[in-house]
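Those sequence lines, one after another, are chains P and Y. Our numbering numbers the first residue of the first sequence as 16 and each following residue consecutively. Our numbering numbers the first residue of the second sequence as 16 and each following residue consecutively. Let me begin by presenting the structure, written as structure tokens, before commenting on it.
2 protein chains.
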Amino acid sequence: MQKLTSQRQAILNLINASNRHWDADEVARALVDTGASIGIATVYRGLSALESQGLIDSIQLADKKRYERAGKAHHDHMICTSCGRIEEFSHDTIESLQEAAAEKKGFKLTGHQLVMFGFCRKCTQELDA
Amino acid sequence: MQKLTSQRQAILNLINASNRHWDADEVARALVDTGASIGIATVYRGLSALESQGLIDSIQLADKKRYERAGKAHHDHMICTSCGRIEEFSHDTIESLQEAAAEKKGFKLTGHQLVMFGFCRKCTQELDA
DNA sequence: AAGATAATGATAACTGTTATCATTACATCC
DNA sequence: GGATGTAATGATAACAGTTATCATTATCTT
């Protein structure tokens, strides 16, 4: 049985309280900043426990995993490679086309990840200027 | 100026000669098996040099990068989480819907990566049996 | 309160990858 | 064809993110 300890509660609260996409280090830092005492290993364990309980979601980026609060509608991510900004978007048609493509190959889909890279509006303007 | 040394030539030949998706370690192992002498650092450098010259392509998976031969039409990947099999697929409509979605957010797209996870036909049958 | 189970925290270990640096191969110009 | 500059090599150290270890502590039953 999983236990919802005070450390995990703190992680969950932190993530629930924002729209950010947190990595493990940021979570640890933020909690320590609020005066809490939590080890980095506990953060990692807490994050994956919370995810497996469905209490938070994650995206796996090239270098690290980032966590966000759960309960949002399914969405994918668009990442600005200049400033790191992460935008969310969803597109039902894309989703169902994916399903169809998988089926055609005989794949039983369990998940997918679509990440788009580019320059956000702000960075595009700055680069043009 | 980049040089196409014998080591890089060997890497390129290896990758060109198959449809596999190779990670750095597999490349090193395969070359050493053929009697070649190549250091792992050289493999890493060779792979990224070849990629930046457009001679090979790559996909970034959660844990590692995998390389495949270039010159194929653009495609995305479907990975069987049971046996590791990687299937390729492409879908023009999905591509253009992605473009449209990016534009709506003001993003100037430079790339994307769509990876789908699931069970391939063979593994699905085995699991059902 | 006792006993069982799970979480914690410090740290070692591990994986994939990049950096360092002395040595070697390559190309080019005279 | 030998000197010279440039880039690649290979062994290994270093690095980032993450997981494993293990003794200690907290938590949940009953």
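Note that CB positions come from ideal geometry on N, CA and C, so glycine has one too.
Nearest-angstrom Cβ-Cβ length linking residue i and residue j, presumed shorter than 8 Å
i	j	result
Tyr82(P)	Ile94(P)	The Cβ separation is near 15 Å, so there is no contact.
Ile26(Y)	Val42(Y)	6 Å
Gly121(Y)	Arg136(P)	3 Å
Lys87(P)	Asp38(P)	Actually they are not in contact, since the Cβ atoms of Lys87(P) and Asp38(P) sit about 18 Å apart, beyond 8 Å.
Thr125(P)	Thr125(Y)	Contact doesn't hold; Cβ gap of about 29 Å is too wide.
Gln68(Y)	Gln17(Y)	6 Å
Asn31(P)	Arg100(P)	Actually they are not in contact, since the Cβ atoms of Asn31(P) and Arg100(P) sit about 21 Å apart, beyond 8 Å.
Ile109(P)	Ile55(Y)	Not quite, the Cβ-Cβ distance comes to about 39 Å (not below 8 Å), so this is no contact.
Beta-carbon neighbours of residue i, restricted to chain Y and to distances below 7 Å
i	result
Gly69(P)	Ordered by position in chain Y, no residue passes the 7 Å Cβ test against Gly69(P), which lies about 17 Å from the chain.
Thr108(P)	Leu112
Residues near residue i by beta carbon distance below 8 Å, same chain, minus five either side
i	result
Glu66(P)	Asp72, Ser73 and Tyr82
Arg60(P)	none
Leu76(Y)	Ile94 and Val130
Leu142(P)	Ser97 and Phe134
Gly33(P)	The amino acid occupying residue 33(P) in the given sequence is Ser; Gly does not appear at that position. Cβ within range, chain order: Arg84.
Under 7 Å by beta carbon: chain P residues contacting residue i
i	result
Val130(Y)	His127 and Gln128
Ala77(Y)	Gln75
Thr139(Y)	Lys123
Where the beta strand (DSSP E) containing residue i begins and where it ends
i	result
Lys123(Y)	Lys123 to Phe134
Ser67(P)	Element bounds for Ser67(P): not the beta strand (DSSP E) but the alpha helix (DSSP H), Ile55 to Ser67.
Gln75(P)	Ile71 to Gln75
Cys98(P)	Taken as a continuous stretch (DSSP letters only), Cys98(P) belongs to no beta strand (DSSP E), as it is neither H nor E.
Chain Y residues whose Cβ lies nearer than 9 Å to that of residue i
i	result
Ile136(P)	Checking the displayed sequence, the identity of residue 136(P) turns out to be Arg instead of Ile. Under the 9 Å cutoff, chain Y gives Lys120, Gly121, Phe122 and Lys123.
Chain-order list of residues whose beta-carbon lies under 7 Å from that of residue i (same chain, five-residue window excluded)
i	result
Leu29(Y)	Val42, Ala45 and Leu46
Gln113(Y)	His127
Thr57(P)	Gln22
Ala51(Y)	Ala25
His90(Y)	Glu103, Phe104 and Ser105
Ala64(Y)	Gln17 and Arg23
Asp40(P)	none
Limits of the alpha helix (DSSP H) - the one that residue i falls within
i	result
Gln22(P)	Ser21 to Asn31
Lys80(Y)	Unbroken run through Lys80(Y) is the beta strand (DSSP E), Lys80 to Arg84; no alpha helix (DSSP H).
Asp40(Y)	Ala39 to Asp48
Ser105(Y)	Taken as a continuous stretch (DSSP letters only), Ser105(Y) belongs to no alpha helix (DSSP H), as it is neither H nor E.
Where residue i meets chain P, residues with beta-carbon distance less than 9 Å
i	result
Ala144(Y)	Here the premise fails: no neighbours, minimum Cβ distance about 14 Å.
Partners in chain P for residue i, counting only beta-carbon separations shorter than 8 Å
i	result
Gly133(Y)	Ala117, Phe122, Lys123, Leu124, Thr125 and Gly126
Glu102(Y)	Lys120 and Phe122
Thr227(Y)	The shown model of chain Y, from 16 to 144, leaves out residue 227(Y), and the question about it has no answer.
Thr20(Y)	The contacting residues do not exist; Thr20(Y) stays about 27 Å from chain P at best.
Distance cut-off 6 Å: residue i Cβ against heavy atoms of the ligand SAM
i	result
Ala77(P)	The ligand SAM is absent from the structure shown, which contains no ligands of any kind.
Nonlocal neighbours in the same chain, by C-beta distance under 6 Å from residue i, ignoring five residues either side
i	result
Cys98(Y)	Cys138
His36(P)	Arg81, Glu83 and Ile101
Thr20(P)	none
contact_flag[the region 122-139 of chain P, the region 115-132 of chain Y] where n(CB pairs < 8 Å) is 3 or more: yes
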